[in-house]
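2 protein chains.
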Amino acid sequence: MAEKIRIAINGYGNLGKAVELAASKAEDLDPVVVFTRRDPATVRTAGTPVASVADMEKWSEKVDICVNCGGSATDMEQVGPRAVQFFSTVDSFDTHAKIPQYFAAVDAAAKKSGHLAMISSGWDPGLFSLNRLLAEAILPQGKTWTFWGPGISQGHGDAIRRVEGVAAGVQYTIPVSEAVEAAQNGSREDLSARQMHRRVCYVVAEEGADLKKIEHDIVNMPNYFADYDTTVNFISREELERKHSGMPHGGQVIRSGNTSEGIDQVYTFGLKLDSNPEFTGSVLVASARAVHTLAAKGQTGAITIFDVPPAYLSAKTGQQLRSQLL
Amino acid sequence: MAEKIRIAINGYGNLGKAVELAASKAEDLDPVVVFTRRDPATVRTAGTPVASVADMEKWSEKVDICVNCGGSATDMEQVGPRAVQFFSTVDSFDTHAKIPQYFAAVDAAAKKSGHLAMISSGWDPGLFSLNRLLAEAILPQGKTWTFWGPGISQGHGDAIRRVEGVAAGVQYTIPVSEAVEAAQNGSREDLSARQMHRRVCYVVAEEGADLKKIEHDIVNMPNYFADYDTTVNFISREELERKHSGMPHGGQVIRSGNTSEGIDQVYTFGLKLDSNPEFTGSVLVASARAVHTLAAKGQTGAITIFDVPPAYLSAKTGQQLRSQLL
Chain A
198 MAEKIRIAIN
208 GYGNLGKAVE
218 LAASKAEDLD
228 PVVVFTRRDP
238 ATVRTAGTPV
248 ASVADMEKWS
258 EKVDICVNCG
268 GSATDMEQVG
278 PRAVQFFSTV
288 DSFDTHAKIP
298 QYFAAVDAAA
308 KKSGHLAMIS
318 SGWDPGLFSL
328 NRLLAEAILP
338 QGKTWTFWGP
348 GISQGHGDAI
358 RRVEGVAAGV
368 QYTIPVSEAV
378 EAAQNGSRED
388 LSARQMHRRV
398 CYVVAEEGAD
408 LKKIEHDIVN
418 MPNYFADYDT
428 TVNFISREEL
438 ERKHSGMPHG
448 GQVIRSGNTS
458 EGIDQVYTFG
468 LKLDSNPEFT
478 GSVLVASARA
488 VHTLAAKGQT
498 GAITIFDVPP
508 AYLSAKTGQQ
518 LRSQLL
Chain B
198 MAEKIRIAIN
208 GYGNLGKAVE
218 LAASKAEDLD
228 PVVVFTRRDP
238 ATVRTAGTPV
248 ASVADMEKWS
258 EKVDICVNCG
268 GSATDMEQVG
278 PRAVQFFSTV
288 DSFDTHAKIP
298 QYFAAVDAAA
308 KKSGHLAMIS
318 SGWDPGLFSL
328 NRLLAEAILP
338 QGKTWTFWGP
348 GISQGHGDAI
358 RRVEGVAAGV
368 QYTIPVSEAV
378 EAAQNGSRED
388 LSARQMHRRV
398 CYVVAEEGAD
408 LKKIEHDIVN
418 MPNYFADYDT
428 TVNFISREEL
438 ERKHSGMPHG
448 GQVIRSGNTS
458 EGIDQVYTFG
468 LKLDSNPEFT
478 GSVLVASARA
488 VHTLAAKGQT
498 GAITIFDVPP
508 AYLSAKTGQQ
518 LRSQLL
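As they're listed, the protein sequences go chains A and B.
Heads up: the first sequence at position 179 corresponds to 376 in our numbering, and the numbers run straight through without jumps.
Heads up: the second sequence at position 192 corresponds to 389 in our numbering, and the numbers run straight through without jumps.
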């Protein structure tokens, strides 16, 4: 067996932990370092050595691929171009609107340093994007739908927790089943945000807080909730922790297209995830494998899942893939 | 706009017609010739000129990609290596067990002639294979299920029509819904052929034929029906033509995997097709686009969908794909 691919994990929150887990299970990968902005002495990993992000450069010869597991998109805009100075990288940058400018920034930095960077490689953006591309390329005349959930949306949970009187809370994004069914049955009718998704909140109120006002403030919050049918459930902290501490998510990409008059072809891709970060971490780890192969062939700059021959995501040889999976 | 990619269609049955249709709708493709083994004067296309397969070589400078739309697998084993002497090619060779040897034969011929050949690029093998690969690469610990149907199986229909006393008939392969549900819910239990699919036949009997014997002969036919729950319905020729002359198909690839103890992640890909040949033709046409790009970069030999950067299947630029679909 060839030498293992040495993986750095840049950031050690939920996603970083998931990458460590996935990389340690893969026979061809070896997590060799976790980079942290905290004091390295305070970070307890599952076994991977810890170093300060400030010392990243010292690892440039000891790491093959750095997986950027930063928190917010704002962080990542700094982290991505910086890490690619020292390593080939993978990330799951997920602010769709900013992808073109992030791609350009990482591409420039990667070309300058001679590294390769795969950006936005989780499930959306990532696998969902890949399926939007495939479905549209094969069925050019049609309509693509993306449904998210049922699952916990971090951004909406953050928005709830900023409401006055809220002590804690989570938000589930739930696709409207009639809309999903219509899409699966080939409907091309445009639907509003409200017709496609609903939002369900579980909120722990501060003692003595005005529940009616909390509900009103959430339900009418612009951008986050006002355009959706939103339900607010008040629960105890104990119930919140017992029932809502997981991070499930998922969704579906559906495209219906016509190849000729009256001939409907429906393409569906779906994920049902008990753990959003663990799945995203698994996509990142497969992506790291592909970046390693492409970088070894001399490719530099920024790429996405659109640019990767799928075989490179697998640890199997071309011959194994053709005989076992084709 | 760049010059259109010139497409040859090698064989003009249902699949060849579908490729002509899909290629003429695509703005970047131009179907320039149909090759036939019949007398070219007897072949009526939707507008594409017709030539004899014997004259293929004369078209080598006038065609970019030849799409092989041969009938049986046996034909294709001859057609694939022959066509790639003159053109870069695409096909949907679908005898899974013979793929490694077919790949080797086409690869050798393609390398000798300096062309590129993408084999087995329909939906199964093809898109289903791609999803089996992606799901396994991302979720290495788990189980992959492939369900086919509801849809018409040509091979099983042929088998019915060989039974004594049968004038005509079709066969639908139908996934067992309990099995699909179990897979979608993360079951890893092994199921028998009978537990996964059932078979429903619509048969037109010859006048005076022994219906009991026909049913017995079908239901007990080894390989094709004996291992399944099979229902035989006798209908009139008129009803057969009215209700069963379409070529619907589809199916699902489902993989459930664990990323850690108790954390199930379920990956599902599905197709629901009103026309199997029209969809396969659409995949072949997108594949032709990708082969054209890769051949222009100097790649030769045989490849599969595993080896193709997905962006090349689309007519859009990388920038368009990133801003619109990522």
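Every residue, glycine too, gets a C-beta built ideally from N, C-alpha and C.
Item	Value
For Q368 of chain B, three-class secondary structure by DSSP	strand
Reference A356 of chain B, options B:M315, B:P372, B:F344 and B:Y421, closest by Cα	B:Y421
Expected contact under 8 angstroms - CB spacing of S484 of chain A and S318 of chain A to nearest Å	4 angstroms
P228 of chain A: first and last residue of the uninterrupted beta strand (DSSP E) it sits in	L226 to T233
Cβ of Q392 of chain B within 7 angstroms of any chain A Cβ	no
Selected residue, minimal CA-CA separation from V397 of chain B, among B:A406, B:K410 and B:H441	B:H441
Euclidean distance between Cα positions of R385 of chain A and Q282 of chain B	44 angstroms
V231 of chain B vs I206 of chain B beta-carbon contact at 7 angstroms	yes
Sub-7 angstroms separation of Y209 of chain B and A332 of chain B beta-carbons	no
Per-residue DSSP class, three states only, for T242 of chain A	coil
CB contact check: R358 of chain A to chain B, cutoff 7 angstroms	no
Separation of M273 of chain B from G267 of chain B, as counted between CA atoms	6 angstroms
Residue span of the alpha helix (DSSP H) that contains Y399 of chain B, given as start and end	Y399 of chain B -> not in any alpha helix (DSSP H); beta strand (DSSP E) instead, spanning H394 to A402.
Any chain A beta carbon closer than 7 angstroms to P246 of chain B	no
Where K494 of chain B sits in the DSSP three-state scheme	coil
Residue of B:G383, B:T343, B:V373 and B:K222 minimising C-alpha distance to H336 of chain A	According to the sequence shown, residue 336 of chain A is Leu rather than His. Considering only alpha carbons, the answer is B:K222.
Buried or exposed by the 16-neighbour rule on C-beta atoms within 10 Å, applied to E475 of chain A	buried
Inter-stretch contact (C-beta, 8 angstroms, three-pair minimum) for the stretch 333-352 of chain B and the stretch 449-458 of chain B	yes
Buried versus exposed, by CB contacts within 10 Å (16 or more), G346 of chain B	buried
Coil, strand or helix - A248 of chain B by DSSP	strand
Residues of the stretch 466-484 of chain A with Cβ closer than 7 angstroms to any Cβ of chain B, in chain order	F466, G467, L468, K469, L470, D471, S472, E475, F476, S479, V480 and A483
Proximal chain B residues relative to K222 of chain A, where beta-carbon distance stays under 8 angstroms	P337 and Q338
Where the alpha helix (DSSP H) through I335 of chain A begins and ends	L324 to I335
Short Cβ contact (7 angstroms threshold) for P278 of chain A with L523 of chain B	no
Three-state secondary structure (DSSP) of Y299 of chain B	helix
Collapsed DSSP secondary structure at Y464 of chain A in the structure displayed	strand
Within-7 angstroms CB hit, Q462 of chain B to chain A	yes
K340 of chain A in three-state terms, based on DSSP	strand
Under 8 angstroms by beta carbon: chain B residues contacting G448 of chain A	By Cβ distance, chain B contributes nothing, its closest Cβ being about 11 angstroms from G448 of chain A, past 8 angstroms.
For T428 of chain A and E412 of chain B, the rounded distance between their alpha carbons	56 angstroms
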